[in-house]
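I have placed the structure first, in the form of structure tokens, so that the comments after it can refer back to it.
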Amino acid sequence: MNAIIVSALLGVVMMFSGIFTTNKTIIKNIATAGMLVLLAANLMEMNNLFSFDINTHDLIVTQRYGLFFNCIAYGATFIYLVLSGTDITEVGVNVAEYFALIFFVLCGVAILSSFNGLLMLFIGVEILSIPLYILTGSDKRNLKSNEASLKYFLMGSFSTGVMLMGIALMYGATGNFGMVHNSGLRGAIVAAQQPPYLLVAGVILLFASMSFKVSAAPFHFWTPDVYDGAPSVFTSFMSTIVKAAGMLAFIRVFENQYTVLGPTWHIVVDFAIVTTLLIGNITAVFQQSVKRMLAYSSIAQAGFMLFALYANNTEIAKEGMLLYAAAYSLATISIFAVLIKLHDYTLDGFNGLAKKEPVLAFAATVSLLSLSGIPLTAGFFAKYYVLAGALQAGGALWLIIVAVLLAAVSVYYYFRVIQAMYFKEGDPQVLPISGGFKAALIVVAALIVILGIWPSALLSWLYF
Amino acid sequence: MIPVLLLFIPLVAGILGFFIKDQKAASNWAIVASVITLLTAVIGIYAMPASMHQFEATWLPSIGASFSVALDGMSKMLVLLTAISMPLILIATRNNNYSNPGSFYALMSLAQVGLMGVFVSMDALLFYFFWELALIPVYFLSSIWGGEKRIAVTFKFFIYTFIGSLLMLVGILLVYLHTKDHSFAWSSFTNTDLTSGEETLPFFLFFIAFAIKMPIFPLHTWQPDAYEQAPTATTMVLSGVMVKMGLFAVIRWVLPLFPFAANQFEMPIIILSVVGMIYASLIAMQQDDIKRLIAYSSIAHIGLMAAAIFAGGTLGLQGVQVQMFNHGINVIGLWILANAIENTLGTRKLSELGGLATKAPTMAILFVVLAFANIALPLTNAFIGEFLLFNGLFQYNIWIAAAAGVSIILGAIYTLQMVQKVLFGEVSAITANATEINAYSKWVLIVIVVAVIALGIYPQPLIDLTKDSVNALLVIK
Numbered sequence: 002m003n004a005i006i007v008s009a010l011l012g013v014v015m016m017f018s019g020i021f022t023t024n025k026t027i028i029k030n031i032a033t034a035g036m037l038v039l040l041a042a043n044l045m046e047m048n049n050l051f052s053f054d055i056n057t058h059d060l061i062v063t064q065r066y067g068l069f070f071n072c073i074a075y076g077a078t079f080i081y082l083v084l085s086g087t088d089i090t091e092v093g094v095n096v097a098e099y100f101a102l103i104f105f106v107l108c109g110v111a112i113l114s115s116f117n118g119l120l121m122l123f124i125g126v127e128i129l130s131i132p133l134y135i136l137t138g139s140d141k142r143n144l145k146s147n148e149a150s151l152k153y154f155l156m157g158s159f160s161t162g163v164m165l166m167g168i169a170l171m172y173g174a175t176g177n178f179g180m181v182h183n184s185g186l187r188g189a190i191v192a193a194q195q196p197p198y199l200l201v202a203g204v205i206l207l208f209a210s211m212s213f214k215v216s217a218a219p220f221h222f223w224t225p226d227v228y229d230g231a232p233s234v235f236t237s238f239m240s241t242i243v244k245a246a247g248m249l250a251f252i253r254v255f256e257n258q259y260t261v262l263g264p265t266w267h268i269v270v271d272f273a274i275v276t277t278l279l280i281g282n283i284t285a286v287f288q289q290s291v292k293r294m295l296a297y298s299s300i301a302q303a304g305f306m307l308f309a310l311y312a313n314n315t316e317i318a319k320e321g322m323l324l325y326a327a328a329y330s331l332a333t334i335s336i337f338a339v340l341i342k343l344h345d346y347t348l349d350g351f352n353g354l355a356k357k358e359p360v361l362a363f364a365a366t367v368s369l370l371s372l373s374g375i376p377l378t379a380g381f382f383a384k385y386y387v388l389a390g391a392l393q394a395g396g397a398l399w400l401i402i403v404a405v406l407l408a409a410v411s412v413y414y415y416f417r418v419i420q421a422m423y424f425k426e427g428d429p430q431v432l433p434i435s436g437g438f439k440a441a442l443i444v445v446a447a448l449i450v451i452l453g454i455w456p457s458a459l460l461s462w463l464y465f
Numbered sequence: 002m003i004p005v006l007l008l009f010i011p012l013v014a015g016i017l018g019f020f021i022k023d024q025k026a027a028s029n030w031a032i033v034a035s036v037i038t039l040l041t042a043v044i045g046i047y048a049m050p051a052s053m054h055q056f057e058a059t060w061l062p063s064i065g066a067s068f069s070v071a072l073d074g075m076s077k078m079l080v081l082l083t084a085i086s087m088p089l090i091l092i093a094t095r096n097n098n099y100s101n102p103g104s105f106y107a108l109m110s111l112a113q114v115g116l117m118g119v120f121v122s123m124d125a126l127l128f129y130f131f132w133e134l135a136l137i138p139v140y141f142l143s144s145i146w147g148g149e150k151r152i153a154v155t156f157k158f159f160i161y162t163f164i165g166s167l168l169m170l171v172g173i174l175l176v177y178l179h180t181k182d183h184s185f186a187w188s189s190f191t192n193t194d195l196t197s198g199e200e201t202l203p204f205f206l207f208f209i210a211f212a213i214k215m216p217i218f219p220l221h222t223w224q225p226d227a228y229e230q231a232p233t234a235t236t237m238v239l240s241g242v243m244v245k246m247g248l249f250a251v252i253r254w255v256l257p258l259f260p261f262a263a264n265q266f267e268m269p270i271i272i273l274s275v276v277g278m279i280y281a282s283l284i285a286m287q288q289d290d291i292k293r294l295i296a297y298s299s300i301a302h303i304g305l306m307a308a309a310i311f312a313g314g315t316l317g318l319q320g321v322q323v324q325m326f327n328h329g330i331n332v333i334g335l336w337i338l339a340n341a342i343e344n345t346l347g348t349r350k351l352s353e354l355g356g357l358a359t360k361a362p363t364m365a366i367l368f369v370v371l372a373f374a375n376i377a378l379p380l381t382n383a384f385i386g387e388f389l390l391f392n393g394l395f396q397y398n399i400w401i402a403a404a405a406g407v408s409i410i411l412g413a414i415y416t417l418q419m420v421q422k423v424l425f426g427e428v429s430a431i432t433a434n435a436t437e438i439n440a441y442s443k444w445v446l447i448v449i450v451v452a453v454i455a456l457g458i459y460p461q462p463l464i465d466l467t468k469d470s471v472n473a474l475l476v477i478k
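Sequence order for the protein chains is A and B. According to our numbering, the residues represented by the first sequence are 2 to 465, in order. According to our numbering, the residues represented by the second sequence are 2 to 478, in order.
Structure representation (structure tokens):
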């Protein structure tokens, strides 16, 4: 409960801070400090030191797994604020609001990691999404930003409608908002060997709307335009922490739901994984803008995270989901932090970066290696864990072979950025860079490598 | 402890090497580190008790992976080859100038870490790590310091090998699920509950990765381009040591793991290898570029070794190990010559060369000896190796041995043609002002030539080094 309450309070604090000061640096520093407070509050609950005691009638159930995910999300947001905080203050005039909205999103994250029932799922998803619609359009005078915001809002509302429809159908079938696996219905379904059609329709609709939220194919069409149109700092936030939280909710809500669908379940998930991987990876190959390429790459990475859904509850896949969230967030935040410092977002804009700014090029390279899943980086173990989980759960081998072949495709587009930075000549325009920013980039790169050698450094916290 | 040192010395040297700016200092630093590594390897292998040859530390206990390295019979030969090759390569190319030399030599040292790691790993996940780690520095070396078409060519090479590695990773996972104690240790991998039918799939997942690395026809298309475009020092690492990773990996990670599948599919693989030998030899005959000629000749030699591995038998397997070492130092010698010719004359085209024997007699002598070694004439080290290989093939199937023999004859034709065109004939406009090769290359070549002849007359030390490994392998099989 700590995380939900503290993040909501901090959001309010940030809104009012805009009234008392107009100094952007102070506002940014308050937000960064607030982030640490939020992280500390969450850690306290995790270690049973202090937590708000509120009777939610089982609508919210905090477990160590969800709290640990909060830690990862908040830690990643902290790194994000340190690296890109200054850039947030450059987006527009309502600086305090941007930070407030980020905290509200984090409140949604905390609900998604602890909901126990479809009603809270819905509330969490909405709390997560609505601030994002605003952040996407925060660059008010930019037409692309406005377009992205409107598109995101319309499509998002539509998918929310679908989700509500699904929840309503499931409620109609079961008579409560509980998730199927902890309502009494499961035994009845197994006994009857055939679930009620209402329930099946509801589950399918829920699947579709959750796929939309994590931009899994075939509900991914909004992603490239929104990620490309939104201010880059907020794309960074949306495509990492928010996406990971959406994925976690997806996995939690479907934890045992598959028993309802029986064999159909595998057809649905197989289809989602294969199309997501195919569309994300193949389309990314043809992009000339690095920002747009990263948008498609985030679709592709979502395809890999879906393996954690596929593996359904095996220990290794649950750990893999956490590791994937951490590895993917770190790498993407760091590559976006570098991207924001460049004037030109096309591949040619990266030409010769290694000569001009070796530290930026090095950090970007480590991130790209991690995204492509090369050993010695966190991305390797992230992919390893989710694939191993899927195999252990008796997953189809062809699916995994398709996935690794497409991972090889991903090397193609990630490495084109490395080639531009190191092997091509050019004089990229770079915004002024502080020493602290470089140091932070190096720390993130070091974290990626440490997790790549020793993932237990993170995962062992899950158990004690 | 010794294998850990063999990894750590080049690792530390590599990381520190990035900060050196001066060409001579960077080169000296890398050479000193490689010589220390060589001394460690030699002392470790010959003077230290077996207890020093192993090291194990916990790494990821939750998934059953450990940092387990060992210098056993299978790895000794290749560790020795890696340790000897690096100083030879670095000294011979000492006069080459690089932009940003610190990074160049640092990446060379890191490549050595990857190679050593592949040979000493006794844990499948660790093996996979080093397998990739060897690739990354070579990717950067070739792409930054290579020839004109370097970026596209190196990328092709990278994607090719990376696809192979990922398939191997799936294979590793599959075998892991069948181990009895859920561990990645080599001893568990050789003792799984895979039935003979279940072996087929992981066998191919592993084998494709290794076949790409060797390379076996028809997966060889990355190789000639990559050899041609990479900077010469990197080409030497690639063809001298790195292609042996594939052969070694088959001996360590395929034959003991999947004996039934290896037995079932040995015939098609041997036929592919022999077809590749003849095919590569025919193409080598048509080449005008020395580097490409050596590249294709290398494919032919590797093909013979691959065939002999699958043909099996004590003598064949021993021959493969001996020949891996011999081919390694011989081909490095040939590359040094190609590098010297290119550096002094500015061309690698056979049609533009000629009459170097009168202009550079010392080089000519060295060239001829290495050419003889390339066609495995008696009294050169390659003779005993190829003799053992043919012995194995002959016992397996006489017709295949005969077909492989054709490629040896073709090998003699193109090698002697090359010698003829480079050393003899008319002195051309380009070769008119040829000079002797520089002292660094010369002395390295002399060392190699002495080794070629010495091991040709008395190959027993090499054979002894491999004996226990082959026996161990046959016990598992």
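From the three backbone atoms N, C-alpha and C, an ideal C-beta is built for every residue, glycine too.
- For T348 of chain B, no beta strand (DSSP E) run applies, since DSSP gives it neither H nor E.
- Comparing alpha-carbon positions, the option among A:F17, A:M322, A:G179 and A:V243 lying closest to L122 of chain A turns out to be A:G179.
- In the DSSP assignment, L61 of chain B is bridged to B:A66.
- Note that the C-beta distance between D88 of chain A and A149 of chain A is not below 7 angstroms.
- Cβ-Cβ separation between S368 of chain A and I336 of chain A: approximately 4 angstroms, consistent with a contact (criterion under 8 angstroms).
- For the 7 angstroms CB-CB criterion, L72 of chain B and I3 of chain B form a contact.
- With 16 or more neighbouring CB atoms inside 10 Å of its own CB, F156 of chain B falls in the buried class.
- Think of a sphere of 8 angstroms around the beta carbon of A409 of chain A: the chain B residues whose beta carbon falls inside it are I160, F163, I164 and L167, in chain order.
- The beta carbon of I152 of chain B sits closer than 7 angstroms to some beta carbon of chain A.
- Relative to the Cα of G172 of chain B, the nearest Cα in the group A:P429, A:I401, A:V418 and A:L452 belongs to A:I401.
- In the DSSP secondary-structure assignment, V431 of chain A is bridged to A:L343.
- Per DSSP, the continuous alpha helix (DSSP H) segment holding F261 of chain B begins and ends at P260 to Q265.
- At least 7 angstroms separates the CB of F79 of chain A from every CB of chain B.
- Beta bridge pairing from DSSP links I61 of chain A with A:F116.
- The C-alpha of L459 of chain A is placed about 30 angstroms away from the C-alpha of A285 of chain A.
- In this chain, the alpha helix (DSSP H) harbouring H267 of chain A covers T265 to V286.
- The Cβ atoms of G329 of chain B and G386 of chain B do not sit closer than 7 angstroms to each other.
- Taking 8 angstroms as the Cβ-Cβ cut-off, the region 423-436 of chain B has no residue approaching chain A.
- For K384 of chain A, the number of other beta carbons within 10 angstroms of its own is at least 16, and it is reported as buried.
- Within the same chain, Cβ atoms closer than 6 angstroms to the Cβ of N439 of chain B are found at N96, the five residues on either side in sequence being excluded.
- Between T235 of chain B and L142 of chain B, the C-beta gap is smaller than 7 angstroms, which places the two residues in contact.
- S122 of chain B has B:V70 as its beta-bridge partners, per DSSP.
- Distance between I454 of chain B and T381 of chain B, taken at the CA atoms: about 5 angstroms.
- Close to chain B, meaning a Cβ-Cβ distance shorter than 8 angstroms, are the following residues of the region 385-408 of chain A: Y385, L388, A389, L392, Q393, L398, I401, I402, V405, L406 and A408.
- Per DSSP, reduced to three states, the secondary structure at Q55 of chain B is strand.
- Put simply, of B:K360, B:F68 and B:A309 the residue whose alpha carbon is nearest the alpha carbon of Y129 of chain B is B:F68.
- According to the DSSP secondary-structure assignment, A186 of chain B is paired through a beta bridge with B:D124.
- Residues of chain B with a Cβ closer than 8 angstroms to the Cβ of F416 of chain A are, in chain order, F156 and F159.
- About 15 angstroms separates the beta carbon of V80 of chain B from that of L12 of chain B, a gap too long to meet the 8 angstroms contact definition.
- In the displayed model, S429 of chain B falls within coil according to three-state DSSP, outside both helix and strand.
- Against chain A, the CB of S144 of chain B has a partner CB under 7 angstroms away; the residue lies at that interface.
- A check of alpha carbon separations from Q393 of chain A across A:Y311, A:M164, A:M156 and A:I242 identifies A:Y311 as the nearest.
- A Cβ-Cβ separation of about 5 angstroms places T180 of chain B in contact with T193 of chain B under the 8 angstroms criterion.
- Flagged as an interface residue toward chain B: Q420 of chain A, by a C-beta distance shorter than 7 angstroms.
- Look at S52 of chain A here: in three-state DSSP terms it is coil, with no helix or strand label.
- Given a length threshold of 4 residues, each whole run of the alpha helix (DSSP H) inside the region 121-188 of chain A is given here in chain order: 144-175.
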